[in-house]
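Each residue of the sequence shown is one higher than the one before, starting from 296 at the first, in the working numbering.
C-beta: ideal position from N, C-alpha, C; glycine also.
Bear in mind the structure is a predicted one, so any value in this text is a computation, not a measurement.
Read the structure below first, then the notes.
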Amino acid sequence: MTDIADLGAALDRYFDLMYDCDVANFDRVFASTAQLHGFREGAMSCWGAAQYKEVLAGRTSPKDQGAPREHQVIMMDFTSDTQALAKVRVRINDMFFVDYLSYHKIDGTWLVTSKAYHREA
């Protein structure tokens, strides 16, 4: 597979996780050291991977709520054969988010090492 196809497959796993919240697949999407940053209720928040995994595990998934599945890859950029950035837009229930996902290829697998998110108004 090419890097574009490999990263595309990693993004598909990310979109699947955002839709079904199946944390059995979490470690195939996020590195254990990943951090997530974004504004929640007007304040900057920072979560580690373990905390985000707990959030997803406790959430009723969009899939279980019968919510539409919508997502879009806006941009992919490769810094090297082991580092890339993706900008995506994803629907979570009635909210839309724009996420910047920093990826590193770890042991041959593209994993999110940093996520910066923005909830659209």
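When you compare only the Cα positions, how much space is there between Arg308 and Tyr412?
Residue mapping note: residue 308 aligns to position 13 of the sequence shown, counting from 1. Residue mapping note: residue 412 aligns to position 117 of the sequence shown, counting from 1. Near 17 angstroms, if we compare the C-alpha coordinates of Tyr412 and Arg308.
Within 10 angstroms of the Cβ of Met296, are there 16 or more other Cβ atoms? Answer buried if so, exposed if not.
Here the question's residue 296 lines up with position 1 in the sequence shown. For Met296, the predicted structure reports a pLDDT of 48, less than 50, and the residue's modelled location is therefore unreliable. A value from the coordinates is still provided. With fewer than 16 other Cβ atoms within 10 Å, it is exposed.
Going residue by residue through the segment 348-391, where are the continuous beta strand (DSSP E) segments of at least 3 residues, counting only ones entirely within it?
Listed in chain order, they are 366-375 and 378-387.
By the DSSP assignment, the beta strand (DSSP E) with Ala305 in it spans what residues?
Start at 1 with the first residue of the sequence shown, and residue 305 comes out as number 10. Run containing Ala305: none in the beta strand (DSSP E); it sits in the alpha helix (DSSP H), Asp298 to Asp315.
Could you spell out where the beta strand (DSSP E) holding Val407 opens and where it closes?
The sequence position of residue 407 within the sequence shown is 112, counting from 1. Element bounds for Val407: Thr404 to Arg414.
Please report the Cβ distance between Leu302 and Tyr398, rounded to the nearest whole angstrom; I am assuming they are in contact, meaning their Cβ atoms lie under 8 angstroms.
Translated into positions along the sequence shown, residue 302 becomes position 7. Translated into positions along the sequence shown, residue 398 becomes position 103. Going by Cβ atoms, the distance from Leu302 to Tyr398 rounds to 7 angstroms, so yes, they are a contact pair.
Per DSSP, what are the beta-bridge partners of Ser340 in this structure?
Translated into the one-based positions of the sequence shown, residue 340 becomes position 45. According to DSSP, Ser340 bridges with Gly333.
Going by CA-CA distance only, name the one from Gln360, Glu349, Cys341 and Gly361 that's closest to Ser409.
Mapped onto the sequence shown, residue 409 falls at position 114. Of Gln360, Glu349, Cys341 and Gly361, the residue nearest in Cα terms is Cys341.
Could you work out which residue in Gly361, Glu415, Trp405 and Arg414 is closest to Asp298 when comparing CA atoms only?
Translated into the one-based positions of the sequence shown, residue 298 becomes position 3. The candidate whose alpha carbon is nearest that of Asp298 is Trp405.
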